[in-house]
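Asker: Mind having a look at this structure? Questions to follow.
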Ligand code: UDP
């Protein structure tokens, strides 16, 4: 790959969606505010495009969030477009390391060699050159996460209004997280605003007047979240290989160390399976090599499969590791939807979590969720009321909480109903669209 070649950007097609869909889910005053604010933003942006730039069109929370939001902006008459940058395997190795550092975790030290910096900057240069062909003065560009952070200076130089959005963070920043901030901050000076998912993810050393927090959200009408008929449920579960009878405990996530699928399996094997007779654990994630910006997943999946084989046969047969096909995104989303609806209890045993869309998705489907008290998960679940929070390292506490819910359908149903209401009030698209719209208007 020649260093001067322009990157080949992927333009992700996004169909518009009517904001009217949300009307039945919002109280009347909120609907009025929402529809007005969308119209005002469309008016203010006349002649300008809003660009979202990230590193993958599918797999993971950022792609999911963009797919939940952009259709409604487009439906409201805003010309918003989604572009995915190009990077080499070395580039994605490096940005995965930075991603882990931002979570306070290091796989390989905190430093960056001059070679690594050169790899990053040359990828940014090639992508910026390609973006320069399409981005115009006065356009708004939302640059997502560390993968694309290095584009900020060049996009600002084009006369665009640049917002950098961070989707990850850590409750207690350590030296690894700070090392990642140091690495990225020089690229971010010229951004007009910085958006974080929650207040305590905001980095030191940024101009506080430019900082905003906007919590992520889900789209109630997406394939992942819409209601399913019994026939659809039957077909999708059969396809995933999940039995129609018996009770199911589920975790859906990428095969990532920070999601700790191996910990979930051991918590189930030691603290749930022996206490319940008809309960199975389903660990679902993308088919092994399908997520192009994340080289770590095949390794974690291999470790999980090896440890699964080493379990006692009677327990192993109650653990299903489901690799969801990723070639058809809609089908993948429908399968996740069916699994979440099928589950009696949903688990999210993350060791760190920027927000945790899987938690919101399950709560919206009225599932009781048992999850780690980390990051954005603690913003969603109010412990004991609309879900259960446990210490991320305490396998026994996780197992106890799951077993209690599996054995008490009434409490599980109450918690599930409260969970849906929590999401309706706080974590659906309209709240996010309004907050982002307000920010964009303030920058125009
Ligand atoms: N997801 C999916 N298929 C999978 C695994 C995950 O569609 O096989 C989705 C999941 O439903 C959620 C998103 O990917 O919408 C993951 O977002 P989250 O915030 O939970 O975690 P992230 O992957 O961003 O760390």
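Numbering (the working numbering), first residue to last: -9 to 434. Just so you know, even glycine gets a beta-carbon here, dropped at the ideal spot from N, CA and C.
What residue from 116, 19 and 68 has the CA that sits closest to residue 38's CA?
Answerer: Among 116, 19 and 68, the Cα nearest to that of residue 38 is on 68.
Asker: Pull the bridge partners of residue 44 from the DSSP assignment, please.
Answerer: Its beta-bridge partners are 74.
Asker: Looking at C-alpha atoms only, which residue of 376, 356 and 338 is the closest neighbour of residue 364?
Answerer: For the residues 376, 356 and 338, the minimum Cα distance to residue 364 belongs to 338.
Asker: Run the proximity test for residue 244: is its beta-carbon closer than 7 Å to any non-hydrogen atom belonging to the ligand UDP?
Answerer: It does: the Cβ of residue 244 is within 7 Å (strictly closer) of some heavy atom of the ligand UDP.
Asker: With respect to 7 Å, is the separation between the Cβ of residue 329 and the closest non-hydrogen atom of the ligand UDP below this value?
Answerer: Not so, every heavy atom of the ligand UDP lies at least 7 Å from the Cβ.
Asker: On the criterion of 16 or more Cβ atoms from any shown chain inside 10 Å, does residue 75 qualify as buried, or is it exposed?
Answerer: It is buried - the Cβ of residue 75 has at least 16 other Cβ atoms within 10 Å.
Asker: Determine, using beta carbons only, whether residue 369 and residue 205 come nearer to each other than 8 Å.
Answerer: Result yes, Cβ atoms of residue 369 and residue 205 sit closer than 8 Å.
Asker: Look up residue 247 in the DSSP assignment and give the residues it is bridged to.
Answerer: Beta-bridge pairing links residue 247 to no other residue.
Asker: Could you tell me whether the segment 258 to 273 touches the segment 306 to 325, where touching means 3 or more Cβ pairs closer than 8 Å?
Answerer: Counting Cβ pairs under 8 Å, three or more are found: they touch.
Asker: Among 168, 395 and 145, whose alpha-carbon lies nearest the alpha-carbon of residue 180?
Answerer: Closest option to residue 180, Cα to Cα, is 145.
Asker: Does residue -2 pass the burial test, meaning 16 or more other C-beta atoms within 10 Å, or should it be called exposed?
Answerer: Label assigned to residue -2: exposed.
Asker: Who does residue 270 pair with in a DSSP beta bridge?
Answerer: 238, per the DSSP bridge assignment.
Asker: Who are the near neighbours of residue 438 in its chain, counting only those whose CB is closer than 6 Å to its CB and skipping five residues on each side?
Answerer: In the structure as shown, the chain starts at -9 and stops at 434, and residue 438 therefore has no counterpart that could be examined.
Asker: Whole angstroms is fine: what's the gap from residue 166's alpha carbon to residue 341's?
Answerer: Approximately 16 Å between the Cα atoms of the pair.
Asker: Return helix, strand or coil for residue 49, following the three-state DSSP convention.
Answerer: In this structure, residue 49 counts as coil in the three-state DSSP scheme.
Asker: Just checking my contact of residue 287 with residue 244 at CB under 8 Å: how many whole Å lie between their CB atoms?
Answerer: Right, the Cβ-Cβ distance comes to about 6 Å (below 8 Å), so this counts as a contact.
Asker: Quick check: the Cα distance between residue 61 and residue 424, rounded to an integer number of angstroms?
Answerer: One C-alpha to the other measures close to 14 Å.
Asker: Which first and last residues belong to the beta strand (DSSP E) in which residue 132 is found?
Answerer: Counting along the chain, the beta strand (DSSP E) containing residue 132 begins and ends at 130 to 134.
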